[in-house]
Every structure is written in C-alpha cells, then in structure tokens.
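Below is one structure; the comments refer to it alone.
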Amino acid sequence: MLKTAIPSIYPPEGSYEFSAVHADLSCATPGAKVHYTLDGSTPTAESPVYRRSEGLLPLKGVHGSSVRRVVRAFAVADGMEPSPEVSFTYDFHCFPKGSYRHSMLREPAPDAAGLIRIEDHDLDKMYLVIGSQRAVLVDGGWDAEGDLLGLCRDLTGHALPIDLVVAHGHSDHIMQAQRFLDAGQRVYLPHADLDLAASFGVHLTPEQVTDIGDGDVLDLGGCTLRAFTIPGHTPGGIVLLDEASGDLFASDEMGSNRRYVPDSAWLQMNPAATAESVLRRLDAFLEETRGKLRRIFTGHNDEILDANAYLETFRAALKKAVDQGPAGLSPSLRSAAESFGSGTAAIVGDWRLDPCWAAANLRFLRDQDRDADPPRYAPGFHPDITTNLGE
Ligand SMILES: [Zn+2]
Numbered sequence: 001m002l003k004t005a006i007p008s009i010y011p012p013e014g015s016y017e018f019s020a021v022h023a024d025l026s027c028a029t030p031g032a033k034v035h036y037t038l039d040g041s042t043p044t045a046e047s048p049v050y051r052r053s054e055g056l057l058p059l060k061g062v063h064g065s066s067v068r069r070v071v072r073a074f075a076v077a078d079g080m081e082p083s084p085e086v087s088f089t090y091d092f093h094c095f096p097k098g099s100y101r102h103s104m105l106r107e108p109a110p111d112a113a114g115l116i117r118i119e120d121h122d123l124d125k126m127y128l129v130i131g132s133q134r135a136v137l138v139d140g141g142w143d144a145e146g147d148l149l150g151l152c153r154d155l156t157g158h159a160l161p162i163d164l165v166v167a168h169g170h171s172d173h174i175m176q177a178q179r180f181l182d183a184g185q186r187v188y189l190p191h192a193d194l195d196l197a198a199s200f201g202v203h204l205t206p207e208q209v210t211d212i213g214d215g216d217v218l219d220l221g222g223c224t225l226r227a228f229t230i231p232g233h234t235p236g237g238i239v240l241l242d243e244a245s246g247d248l249f250a251s252d253e254m255g256s257n258r259r260y261v262p263d264s265a266w267l268q269m270n271p272a273a274t275a276e277s278v279l280r281r282l283d284a285f286l287e288e289t290r291g292k293l294r295r296i297f298t299g300h301n302d303e304i305l306d307a308n309a310y311l312e313t314f315r316a317a318l319k320k321a322v323d324q325g326p327a328g329l330s331p332s333l334r335s336a337a338e339s340f341g342s343g344t345a346a347i348v349g350d351w352r353l354d355p356c357w358a359a360a361n362l363r364f365l366r367d368q369d370r371d372a373d374p375p376r377y378a379p380g381f382h383p384d385i386t387t388n389l390g391e
C-alpha cells in the first residue's frame, strides 16, 4: 500500500519575536487530509482536519515572556497508508511593553535624510526621518508607557526638534501622541481620524494636533516629505513620500503584506471604503507620483517593498474585486475572526513565494454596495465581529 506524504508547514518552526504566527499545513500527496492538534496531544483520525479556506492556524506568544506552541499532525489520503506523525515547535520570545528596538537604515548626509527604524514591543514599526533642521517620526506605536521621544532624542543627539506624524488613527500607531504633546513637540494626525483615535481612548482635539493630508509638505532641512491622503484603511489615512529618495512611508495604507502573520490592506475597517473608491484614489496617486516611487516602508512589514512591483499587485487585487465582483474574492488567509470581521479578500500573488503579493479584505466592493440601503455586505463579512486592533 502506498504511503501518504508527511505534512509540511509554513512558516518554518523555530524562534519568533512576533506575538503571532499564522501557520499553514499542507501535504504533497494530492487530496490528502491533514489531521492536527495544537494542545500537545497525539493527533488521530478524530482530530480536526486542516482547511486553508477556514483560515491559517494562529499560534500566539505572550508579551514579555517565552511561550512554546507545538503543532502535531499526520496526513492520510484515500486508499493509502497514513503518514507518520510529525510535530512542529514554535518558541515565542516576545518583548515586554515599554521596550523599543532600533536599526539604522541610512545615515544622514547632505543630500539624503537619515533613516532609523524603531520597533515597539509588538514590532510595530516607526520611522525616524532625520533632516538638517528637524526630524520626523512616522507613527507612534502601540505602547503608551515607553519613552519613545527620549529614544528619538538620543538617536538624534538632542540636536533637533522631533515632530510626530501619526499616519492614521489606529491604536497601534497613536499611543505615544499624548507624550509628544506633553513634551511640547508638534504632532500631526489627519483630523478625519480624530474620532477613530478617540474610539481607542486617545482623545485629541483639532487644536492640539495639526491636520495633515493631500498637498502638505514637511520641510526637514535638506529633505521634504509630501503627504497624500489615501482614504482606504481609515477615513483620513496618509502616506508620506520622501521625494529625493523615493521612500514611501505607508503605515497601514499600503504594503501590509507580512508573510508570517498574513496581512492585508484591511479595507473593511473603514465603512466608507469600497474596492472601487480605493482603486480610484490609488490610480490618482500613481499618476501624481509617476516615476518618483522607489521603496515602501510599512507599519508592520519587516520587508522593505519594491514600491512599483507591490503597487502593481495591490492595484490588480482591487481591480479584480471591482471587475469580477464576489467571484474575484477568495477566503481570507486569516480566518474571519482573525481578519477583523472580513472572511473574504481580493488576493493577487502567493504570500509564501512573492514578497509583493497583495491582499485587500473588503466589506464593500463597489460604491453602490456601500450606498445601498440596507447595505449589501460582501460575502464573508461578519458585522457582529468588532474590530480589535493590533494592526
Ligand atoms: Zn491600521
């Protein structure tokens, strides 16, 4: 009797500093079922069968401590002998709250801004852009307690004012805003996202924070950052372009396509966004920035993306949803519960193979869906699941 191939997994087992990894089980024998356990017990024919369409398996760490997660699995195909059991071990070592890590990506030079990436305890990414007169920190992370401003001052030799630009109002980008204000630093936040920030307990007034959006230019001395409003992921979200280098700081508005915790543009979080409206805005943005984009730095992605390759894929994903309707959607890689309520996404490219794969989880496809009364949800959207950020 032929033997079923042993199951394989993605991403590889090992040590991780993320607070979550989403694992995919599969088997090289066509049609084989993979039975698995996550509680350390021996998998049997009665154990759950893994189905990617129901969402990748979330394996989670705990901030400030070390945790081991073990996936045990075997595969069996009709008319074949079951495979031997295999196990996959994931050790999570997550940073405690209040800790930051930083890495120099480019030293300041007369013709180029300095660039330092800072990560908080959950590896949310912030970018310190250093000009000759000012520095700008793009995004403020998820941790209200750590001394992020103190770190930025140390990293710039206490020589420059440091402005904070919060590119959108989600909780994992805005938590240090009040500390910057208390220290007398200028804080920018799109005013269209003030209500969103307040929903996470960060109450800021239009008098406290400077609005930022289309056409605004921040002059850092020897370097300028130009803002573009991209109202997809949130109502007022912006991206910032360093026009000299072609670096685009995109927060969560673009480039959210991590592999180990498969991310998406998460357009379902913004009840005003449709695939159609975001595609329209994206096309105008691409026209305005033609020939100027080089790299994308995002709020969560470890990889620095090729801007043109990624945006081509992202555009193709949105266009697929607009042109094909529900037929252009696939099950979200993360389950609906892990995808902030949206079980369907427009996906182009393979998240394991292509660093520029793109996905957009959606609540509405076309403007008429959003505007309908009652609204017509895209299949797979669960309106009862409330958004709980970490993204
Ligand atoms: Zn966000």
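Numbering (my numbering), first residue to last: 1 to 391.
All residues carry an ideal CB built from backbone N, CA and C; glycine is no exception.
Nothing here was measured: the structure is a model prediction, and the numbers come from that model.
Residue i (DSSP reduced to helix, strand or coil)
i      : result
Gly325 : helix
Val62  : coil
Val166 : coil
Leu218 : strand
Asn388 : At Asn388 the pLDDT is 41, less than 50, meaning the model places this residue with poor confidence; the figure from the coordinates comes in the next sentence. The answer is coil: DSSP assigns Asn388 none of H, G, I, E or B.
Ile238 : strand
Val261 : coil
Cys356 : coil
Ile174 : helix
Ala372 : coil
Asp195 : helix
Lys3   : strand
Val202 : coil
Asp24  : strand
Thr210 : strand
Met80  : coil
Glu119 : strand
Asn301 : coil
Asp350 : coil
Thr289 : coil
Pro91  : Reading the sequence as shown, one finds Asp at residue 91 and not Pro. Three-state DSSP puts Asp91 in a strand.
Ser332 : coil
Phe249 : strand
Tyr310 : helix
Arg294 : coil
Leu105 : strand
Leu57  : strand
Arg281 : helix
Lys320 : helix
Leu225 : strand
Ala275 : helix
Phe180 : helix
Arg68  : strand
Proximity test, residue i beta-carbon vs ligand 1 heavy atom, cut-off 7 Å
i      : result
Asp124 : no
Asp252 : yes
His168 : yes
His233 : yes
His173 : yes
Residue j beta carbon less than 8 Å from that of residue i
i      : j      : result
Phe88  : Glu17  : no
Gly55  : Lys97  : no
Val322 : Arg366 : yes
Thr29  : Pro82  : no
Leu164 : Gln133 : no
Tyr188 : Thr210 : yes
Arg259 : Trp351 : yes
Thr156 : Ala135 : yes
Thr298 : Ala250 : yes
Ile9   : Leu25  : yes
Gly79  : Ser19  : no
Pro235 : Asp193 : yes
Pro393 : Ile230 : Residue 393 lies beyond the stretch modelled for the chain, which goes from 1 to 391, so this question has no answer here.
Met126 : Gly146 : no
Leu329 : Ala378 : yes
His22  : Pro58  : yes
Ser342 : Leu362 : yes
His233 : Asn270 : yes
Val348 : Lys320 : yes
Asp154 : His121 : no
Val202 : Met175 : yes
Ile162 : Leu149 : yes
Heavy atom of ligand 3 within 7 Å of residue i beta-carbon
i     : result
Tyr90 : For ligand 3, the structure offers nothing, since it holds only ligand 1.
Touching or not, the region 261-280 and the region 207-225, by the rule of three or more beta carbon pairs under 8 Å? no
>> Taking contact to mean 3 or more Cβ pairs, one atom from each stretch, closer than 8 Å, check whether the region 309-319 and the region 237-255 are in contact.
In response: yes
Problem set entry | 3-residue-minimum beta strand (DSSP E) runs that sit fully inside the region 123-166, ordered along the chain | 125-130, 135-138 and 162-165
Whether or not the region 70-85 and the region 93-109 are in contact is what I'm after, with contact meaning three or more pairs of Cβ atoms, one per stretch, closer than 8 Å; do they touch? no
Item checked: Validate contact between the region 99-115 and the region 233-249 using beta carbons, cut 8 Å, 3 pairs -> yes
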